[in-house]
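Residue numbers (the working numbering), protein chains in the order written: chain A, 1 to 446; chain B, 1001 to 1084.
Don't be surprised by glycine CBs; every beta carbon is placed ideally from N, CA and C.
Right, one structure below, let's go through it.
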Amino acid sequence: MSGAHQIPRVSGADPSIGHLEEFNSDPLLFLQRVHKECGEIGEFDLAGLGTILLVGSEAHEAVFRANEEQLSAAQAYQMMIPVFGEGIQYGAPPHIERQQLKIQIQGLKHDRMLNYAGIVEHETTLLIKQLGKKGTIDVNQIFSDLTLKTSTHCLLGAELRSELNDEFSTLYKDLENGIAPSSLSDPFEKNERLTKCIRARKRLEELIGDHVDRRRTKGKIYEDMLQVYMDSKYEDGTPLNKAEITGMVIWFMFAGHHTSANTTAWTLLEVVKNPAYLSKLLEEIDQVFLKFPTVTVESLRELLLLDGFIRESLRLHPPLNAITRRVMSDFQYKEFTIPTGKNIMICPYVSHKLEKSFRKPLSFNPERPSPKDNFSEIAFGGGRHKCIGNGFAILQVKTILATLLKQYTFNLSELPEKYGEAMPALILRPKDPCELTYVKKDGQGR
Amino acid sequence: MLKKTVKVDNRLRYRIELDHDLCQGHSVCIAEAPALFSLNESNASYDQIQLITSEIDEEQSEAAFRAQKYCPNGVIRVLPIEDS
Chain A
1 MSGAHQIPRV
11 SGADPSIGHL
21 EEFNSDPLLF
31 LQRVHKECGE
41 IGEFDLAGLG
51 TILLVGSEAH
61 EAVFRANEEQ
71 LSAAQAYQMM
81 IPVFGEGIQY
91 GAPPHIERQQ
101 LKIQIQGLKH
111 DRMLNYAGIV
121 EHETTLLIKQ
131 LGKKGTIDVN
141 QIFSDLTLKT
151 STHCLLGAEL
161 RSELNDEFST
171 LYKDLENGIA
181 PSSLSDPFEK
191 NERLTKCIRA
201 RKRLEELIGD
211 HVDRRRTKGK
221 IYEDMLQVYM
231 DSKYEDGTPL
241 NKAEITGMVI
251 WFMFAGHHTS
261 ANTTAWTLLE
271 VVKNPAYLSK
281 LLEEIDQVFL
291 KFPTVTVESL
301 RELLLLDGFI
311 RESLRLHPPL
321 NAITRRVMSD
331 FQYKEFTIPT
341 GKNIMICPYV
351 SHKLEKSFRK
361 PLSFNPERPS
371 PKDNFSEIAF
381 GGGRHKCIGN
391 GFAILQVKTI
401 LATLLKQYTF
411 NLSELPEKYG
421 EAMPALILRP
431 KDPCELTYVK
441 KDGQGR
Chain B
1001 MLKKTVKVDN
1011 RLRYRIELDH
1021 DLCQGHSVCI
1031 AEAPALFSLN
1041 ESNASYDQIQ
1051 LITSEIDEEQ
1061 SEAAFRAQKY
1071 CPNGVIRVLP
1081 IEDS
């Protein structure tokens, strides 16, 4: 009989809150334990919310190909509503969310990308002017600042980028801190974190709303995402209002800012920690800059080893590790039936280290061939909810690193084992402090 | 059973496959091979890429392979047509 098999349950549940405390204190360690104990499928309990971890490409494909009526992302990610606002993405009815998603992707199409590469290079060049000849950087701090500038510039245009100040950064941090591991089990839990997040969202709406008004008064047309939002209409002809435009901006920034910042930080760290590939990587970068004086989509395509470094960093240090769906009607996976009302979770950090998917999975190999299927490497998720900014993210990380590595040599400032992992706000990043020393190459000095 | 690739006028033929479940309409393929791919505006979350033709010859294969290589979602496959 199908569905006759019992889903294995992980040990150690507390009678009242299940595994909530263990999950909240270190989600990755806990999910690794679930996999080790239960295998491909294992159940745990987040204070009454039964959650099933599914591991491996076959399981990922089953989940990512399921439709929203069966496995709902909207129901699983209710915690995003206070951050993005009511009426945006999962806070909107499905037919509105669908149209908003379509608007987002308009700004991420290939023709728009051609413009973004130059902007990211320009912002990185401004950073280089500040860095000078030698010094020490904290990669978390520096790439968080830089990607806030690059994302804001590409998204909201040069004007708002030039007005970017500490208030914007603080508001944005308050928004990000609105999410914690506990948000998965209790998305609207009343606490200071969430209060600050809601207040920050309101203030951002004022700032972005003013900017939209100023732009409309001027009547000039810009080549950025904000213009896409301002010009877009729903199928019934209604334009997006200012609250919706703000929500779209936050949605885009939230999805792309820290994920890209952390990937840039991890990749630079791996470049420094793997000197065997360094001369080949630098030669590749020099050759490409010789052929193309400025960064373009075309030139980035020729940076194959750098691409390998980024993808391998994403494999070993995926930013998002609790990809979740709510089961809306009983879901059959092999001989198991996952009942309605449970959550399904996929964890790239666990799945990316499977021996059956990756040879010597724990070793860093930027020349590792890409998997033949679409479901082994899932740093950007998969299916209809796959991160639509995946092309933009790679473009951004590649441009920043190629521009920096062309001019600087970086070194670890601590012993390699001091560089660990941390996962606040459910996004994996290098543990603080994460410092590297840098020195400008000969002939590159100012 | 041994399979043989199909040749017409001594040129190899290829088949293009598109995984519509995973396509989000990024349109890189259209930039690379406008004669082979087009955008089908739909009411779904994403505009879907449509194949203008699913069987191509060697001459068109270079553009098709570029579309396969640069598709951000890896949903395009270009395969030599084989006699079974």
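Please list, in chain order, the chain A residues whose beta carbon lies closer than 9 Å to that of B/LEU1022. PHE64, ARG65, ASN374, GLY382, GLY383, ARG384, LYS386
Contact check, A/GLU235 vs A/GLN99, beta carbons under 8 Å: yes
So what does A/ASN343 bridge to, in DSSP terms? A/THR51, A/ARG326
Consult DSSP for A/PHE143 and reduce its assignment to one of helix, strand or coil. helix
Near-chain B residues of the stretch 107 to 120 of chain A (beta-carbon distance less than 8 Å), N- to C-terminal order: LEU108, LYS109, HIS110, ASP111
In the structure shown, what three-state DSSP assignment does B/ARG1013 receive? strand
Using DSSP bridges, identify the partner residues of A/ASP138. A/GLU435
Is B/GLN1024 closer than 8 Å to A/LYS386 when the C-beta atoms are compared? yes
From A/PHE292, A/ALA180, A/ARG326, residue whose alpha carbon lies closest to that of A/ALA425: A/ALA180
Check whether the Cβ atoms of A/ASP224 and A/GLY178 sit closer than 8 Å, and answer yes or no. no
Of all the residues that make up the stretch 1061 to 1073 of chain B, which are near chain A by a beta-carbon distance shorter than 9 Å? LYS1069, TYR1070, PRO1072, ASN1073
Residue ranges of each alpha helix (DSSP H) run of no fewer than 4 residues wholly in the stretch 210 to 255 of chain A, ordered along the chain? 225 to 231
How would you call A/PHE84, buried or exposed, if buried means at least 16 neighbouring beta carbons within 10 angstroms? buried
Can you tell me the Cα-Cα spacing of A/ARG9 and B/ASN1073, whole angstroms? 34 Å
Please look up how many angstroms separate the CB atoms of A/GLY382 and A/PHE392, rounded, as I've assumed it's under 8 Å. Not quite, the Cβ-Cβ distance comes to about 17 Å (not below 8 Å), so this is no contact.
What number of angstroms, rounded off, separates the C-alpha of A/GLY445 from the C-alpha of A/LEU395? In this prediction, A/GLY445 scores a pLDDT of 45, lower than 50, which makes its location untrustworthy; no coordinate-derived value is stated.
Alpha carbon to alpha carbon, how far is A/GLY3 from A/LEU194? Only weak support exists for where A/GLY3 lies, its pLDDT of 47 falling under 50; the coordinates are left without a value.
Near A/SER183, what residues of its chain come up, given a Cβ to Cβ distance below 7 Å and the 5 sequence neighbours on each side ignored? MET79
If we ignore side chains and look at the alpha-carbon of each, how far apart do A/SER260 and A/GLU97 end up? 24 Å
Check whether A/ALA47 and A/GLY18 have beta carbons under 8 Å apart: yes
Can you tell me where the beta strand (DSSP E) with A/VAL120 in it begins and where it stops? Not the beta strand (DSSP E): A/VAL120 falls in the alpha helix (DSSP H), residues 110 to 131.
My guess is that B/LEU1039 and B/ILE1052 are in contact by the Cβ rule of under 8 Å, so how many angstroms apart are they, rounded? Their Cβ separation, rounded to whole angstroms, is 11 Å, which puts B/LEU1039 and B/ILE1052 out of contact at 8 Å.
Under 8 Å (Cβ pairs) to chain B, residues found in the stretch 293 to 310 of chain A: ARG301
Near-chain B residues of the stretch 390 to 410 of chain A - C-beta to any C-beta below 7 Å: ASN390, GLY391
The alpha helix (DSSP H) spanning A/GLU298 covers which residue range? 297 to 301
Supposed close pair A/ILE105, A/GLY247 - CB separation, criterion 8 Å: About 16 Å separates the two Cβ atoms, so there is no contact after all.
With the cut-off set at 8 Å, would you say A/LEU146 and A/THR124 are in Cβ contact? yes
When we look at the beta-carbon of B/VAL1008 and count the other beta-carbons within 10 Å, is it buried (16 or more) or exposed? exposed
Quick check: the Cα distance between A/GLN328 and A/LEU160, rounded to an integer number of angstroms? Note that residue 328 of chain A corresponds to Met in the displayed sequence, not to Gln. If you take the alpha carbons of A/MET328 and A/LEU160, they lie about 42 Å apart.
Thinking A/ASP432 and A/ASN140 are a contact (beta carbons under 8 Å), I'd like their distance in whole angstroms, please. 6 Å
Going by beta-carbon coordinates alone, are A/LEU306 and A/LYS398 separated by less than 8 Å? yes
Could you give the C-beta distance for B/ILE1056 and B/ILE1016, rounded to a whole number, given that I count them as a contact under 8 Å? 7 Å
The beta strand (DSSP E) with B/LEU1079 in it runs from where to where? 1076 to 1080
I'd like to know whether the C-beta of A/ILE105 is nearer than 8 Å to at least one C-beta of chain B. yes
In chain order, each beta strand (DSSP E) run of at least 3 residues that lies wholly inside the stretch 1 to 81 of chain A: 41 to 46, 49 to 54
With a threshold of 8 Å between beta-carbons, can A/LYS102 be considered close to chain B, or not? yes
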